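Enquirer:
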Amino acid sequence: MAQAAQSIDPAASAEQPSAVVLGGVTKRFSNGTTAIADLDLAVRQGEFLSLLGPSGCGKSTVLRLVAGLIEPSAGTIRRPDEQNADRDIGFVFQEPTLMPWASAFTNVWLPLRLRGVSKRAARDRVMEALDGVGLAAFAGSYPRELSGGMKMRVSIARALVTEPRLLLLDEPFAALDEITRFRLNNDLLELWGRFGFTVVFVTHSVFESVYLSSRIAVMAARPGRIIRTLTVDEPYPRTDAFRTTPHYGELCNETSAALLLAMEEGRPA
Ligand SMILES: Nc1ncnc2c1ncn2[C@@H]1O[C@H](COP(=O)(O)OP(=O)(O)O)[C@@H](O)[C@H]1O
Ligand SMILES: [Mg+2]
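Residue numbers (the working numbering): 22 to 290.
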């Protein structure tokens with residue numbers, strides 16, 4: 022992780038073409054729940070977008086729709102520049118979801134293996150991905166031998182081993198202690214700065230969303246929708262020093278206010 026992240030100006034990403042466009046997307050589950058309704062969202066290429074909202078507002082549903090894991094009931098989801106969209110997405114779940122009987126190496130190899138890449142042919146890419154999350158020395162370790170933070174690192178390496186253009190993360194650090202979460206925040210930003218993929222990051226933490234994102238879409242529930250989008254006008258690379266600045270405090274206040282409003286609007290009638 023020695024390589025420095027490139028400097029990125031969040032405001033400049035407004036001119037970027039779209040990586041994913043959701044148009045009037047509604048998702049109704051078979052039990053009658055409308056998880057999201059008529060949602061419009063354009064994710065720009067190379068941006069770090071967070072979906073922030075209370076539990077149940079449809080964040081995971083949006084991510085699963087973008088990943089193609091579920092189909093919308095109405096509306097469209099487009100990836101304008103991708104030929105083979107499903108090959109091009111990395112997904113990180115809240116639980117690291119590693120195979121407990123397999124080493125870190127074998128876990129990271131999995132997406133390549135599913136594409137028919139042999140262990141030998143995958144070796145360099147798997148080791149590079151593990152190195153990218155600081156775990157090259159743990160390639161032979163089993164999940165039970167790794168801490169929660171390390172398991173999440175393996176999960177991120179597994180998502181990145183196919184070099185996706187789009188990385189989707191669903192509350193990946195919610196179960197970790199604060200110090201580990203801060204470290205993983207920095208490492209994720211470093212990887213993003215180095216490789217330039219697009220990120221859609223789901224969180225219910227105001228502080229985390231402000232620290233990481235170039236843009237935050239605030240969602241309300243019942244039905245799930247975006248009530249406000251905020252630009253985080255702080256350049257990258259960002260370091261822990263950002264967390265102690267008045268600007269960070271102001272951005273967190275503004276974002277909290279939007280989240281409170283979202284919670285008001287999403288209250289059961
Ligand atoms: N497979 C499903 N079947 C029925 N209802 C679901 C399903 N998945 C999610 N929901 C409902 O859709 C709404 C949004 O859920 P979800 O996207 O998981 O929200 P979030 O990730 O913001 O907590 C919730 O009311 C949830 O109970
Ligand atoms: Mg969720």
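Cβ coordinates follow ideal geometry from the N, Cα and C atoms, glycine included. Being a predicted model, the structure only gives us computed values, none of them experimental.
#1: How long is the line joining the alpha carbons of A242 and G53, rounded to whole angstroms?
#2: Give me, in chain order, the residues of the same chain whose beta-carbon lies closer than 7 angstroms to that of P132; leave out the 5 immediate sequence neighbours on both sides.
#3: Please determine, among F194, G245 and H268, the residue with the shortest C-alpha to C-alpha distance to P256.
#4: Would you give the residue range spanned by the alpha helix (DSSP H) that I177 belongs to?
#5: Kindly examine ligand 2 and report whether one of its heavy atoms sits closer than 7 angstroms to the Cβ of K48.
#6: To which residues does DSSP link Y257 through a beta bridge?
#7: For T118, tell me which candidate among K172, R144, I29 and A150 has the shortest Cα-Cα distance.
#8: Counting only the same chain and skipping the five closest in sequence on each side, list residues whose C-beta sits under 6 angstroms from that of T266.
#9: Going by other Cβ atoms of all chains shown within 10 Å of its Cβ, with 16 needed for buried, is A143 buried or exposed?
#10: Between the C-alpha atoms of R288 and L156, what's the straight-line distance to the nearest angstrom?
#11: Using 8 angstroms as the threshold, is the region 79-94 in touch with the region 121-140, meaning 3 or more CB pairs across them?
#12: Output the boundary residues of the alpha helix (DSSP H) element that contains R144.
#13: Below 8 angstroms between beta carbons: does that hold for L73 and V64?
#14: Looking at ligand 2, does it come within less than 7 angstroms of S71, judged from the CB to the closest heavy atom?
Expert: If we stick to the structure as given:
#1: Stepping through the sequence shown from its first residue, residue 242 is reached at position 221. Stepping through the sequence shown from its first residue, residue 53 is reached at position 32. Distance between the alpha carbons of A242 and G53: 15 angstroms.
#2: Mapped onto the sequence shown, residue 132 falls at position 111. Correct list, in chain order: R179, V182 and T183.
#3: Numbered from 1 along the sequence shown, position 235 holds the residue referred to as residue 256. Ranking F194, G245 and H268 by Cα distance to P256 puts H268 first.
#4: Here residue 177 is taken as the residue at index 156 of the sequence shown, counted from 1. Counting along the chain, the alpha helix (DSSP H) containing I177 begins and ends at G169 to L181.
#5: For the purposes of this step, residue 48 is identified with residue 27 of the sequence shown, where counting begins at 1. No - ligand 2 has no heavy atom lying nearer than 7 angstroms to the Cβ of K48.
#6: The residue labelled residue 257 in the question sits at position 236 within the sequence shown. Partner(s): I29.
#7: Your numbering for residue 118 matches position 97 in the sequence shown. Answer by Cα proximity: K172.
#8: Locating residue 266 in the sequence shown gives position 245, counting from the first residue. Closer than 6 angstroms at the Cβ level, and outside the excluded window around T266, lies no residue.
#9: Stepping through the sequence shown from its first residue, residue 143 is reached at position 122. Buried, because 16 or more other Cβ atoms sit within 10 Å of the Cβ of A143.
#10: Position 267 of the sequence shown, counted from the first residue, corresponds to residue 288. Position 135 of the sequence shown, counted from the first residue, corresponds to residue 156. Rounded to whole angstroms, R288 to L156 spans 43 angstroms at the Cα level.
#11: no
#12: Working through the sequence shown from its first residue, we reach residue 144 at position 123. Here the alpha helix (DSSP H) through R144 covers K140 to G153.
#13: By one-based count along the sequence shown, residue 73 stands at place 52. By one-based count along the sequence shown, residue 64 stands at place 43. Taking 8 angstroms as the Cβ cut-off, L73 and V64 do not qualify as a contacting pair.
#14: Here residue 71 is taken as the residue at index 50 of the sequence shown, counted from 1. No; taking the cut-off as 7 angstroms, the Cβ of S71 has no heavy atom of ligand 2 nearer than that.
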